[in-house]
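Colleague:
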Amino acid sequence: MKVQVNGQTAEFPDGITIERLVELADVPPNYLAVEVNEDVVPREQHGSHVLYDGDCVEVVTLVGGG
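Numbered by our numbering, the letters in the sequence shown go through residues 1 to 66 in order.
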């Protein structure tokens, strides 16, 4: 299935969860926020939230600075 991630279309297996997508993207899960189709998905739902063909996902990492 095709899912758009941060503006780029990518192929993923059917039934992939946000948690697995983040693992495949090699993004540290500690400091990130995920939005699916313009709705923020709480971290506690990342393991159970299944993505579907055509979903639009934004993964935002938090960066400290000063």
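Glycine included, C-beta positions come from ideal geometry on N, C-alpha and C. From a predicted model like this one, the values you see are computed outputs, not experimental measurements.
Using the Cα positions of V63 and D55, report the straight-line distance between them to the nearest angstrom.
Modeller: Answer to the nearest angstrom: the Cα atoms are 26 Å apart.
Colleague: Quick check on the DSSP output: the alpha helix (DSSP H) that includes E23 runs from which residue to which?
Modeller: E23 -> alpha helix (DSSP H) spans I18 to L24.
Colleague: Bridge partners of E11, per DSSP?
Modeller: According to DSSP, which records beta bridges pairwise, E11 is partnered with K2.
Colleague: Ordered along the chain, which non-local residues of its own chain (more than five positions away) have a Cβ less than 6 Å from that of L51?
Modeller: Hits under 6 Å: V3 and I16.
Colleague: Out of L24, R43 and N37, which has the shortest C-alpha to C-alpha gap to N30?
Modeller: The candidate whose alpha carbon is nearest that of N30 is R43.
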